[in-house]
Amino acid sequence: MESTTVKTAPISLTERALAEVKVILKDKNVPAEYGLRIGVQGGGCSGMSYLLGFDKPKDADEIFQLDGVQLIMDKKHAMYVLGMEVDFQDGLNARGFVFNNPQAKSTCGCGSSFSA
């Protein structure tokens with residue numbers, strides 16, 4: 001029997017964020033081979049911004065399982081998001097995913113851009 005190592009994801013999603021991801025997966029009929037891609041990209045008001053969307057895994061990716069959701073992340077992005085928590089807000093002033101990143105040296109008002 002093969003032993004499979006389950007890696008612990010470097011980030012976490014709150015119950016609200018996980019629930020919202022599952023709703024989107026179902027409502028938008030996202031194909032089964034797609035997972036939730038989390039990472040960073042250049043740009044935004046502070047130099048880097050967060051990437052969150054559904055995608056197929058690529059060769060440079062690591063895959064984690066979070067409560068039935070496949071989490072995909074480029075290995076190079078791990079250092080920027082290590083320990084980050086993704087939450088989902090559904091309030092009067094804001095609706096959407098919120099990134100709480102201990103690696104960010106500074107953030108800007110939009111909450112989706114940071115510098116490391």
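The numbers in the working numbering rise by one with no breaks, and the one at position 3 of the sequence shown is 3.
Glycine included, C-beta positions come from ideal geometry on N, C-alpha and C.
For clarity, every value in this text was computed on a predicted model and none was experimentally measured.
Expected contact under 8 Å - CB spacing of residue i and residue j to nearest Å
| i | j | result |
| --- | --- | --- |
| Gly39 | Leu51 | 4 Å |
| Met79 | Asn100 | About 17 Å separates the two Cβ atoms, so there is no contact after all. |
| Phe64 | Ala9 | 4 Å |
C-beta contact flag for residue i and residue j at 7 Å
| i | j | result |
| --- | --- | --- |
| Val69 | Ala17 | no |
| Gln156 | Val98 | One cannot answer for residue 156 here, as it falls past the ends of the chain, which runs 1 to 116. |
| Ile72 | Gly35 | yes |
| Glu62 | Lys76 | no |
Distance between residue j and residue i (C-alpha atoms, nearest Å)
| i | j | result |
| --- | --- | --- |
| Val30 | Lys56 | 11 Å |
| Arg95 | Leu13 | 16 Å |
| Met48 | Pro102 | 15 Å |
| Ala32 | Ile24 | 13 Å |
| Lys105 | Lys26 | 36 Å |
| Gly53 | Arg37 | 5 Å |
| Asn93 | Ala60 | 37 Å |
Per-residue DSSP class, three states only, for residue i
| i | result |
| --- | --- |
| Tyr50 | strand |
| Gly35 | strand |
| Asn66 | This sequence places Leu at residue 66; Asn is not what is there. Here Leu66 sits in strand by DSSP. |
| Ile11 | coil |
| Met73 | strand |
heavy atom of the ligand GDP below 6 Å from residue i C-beta
| i | result |
| --- | --- |
| Ile11 | As far as ligands go, the structure on display features none, and thus does not contain the ligand GDP. |
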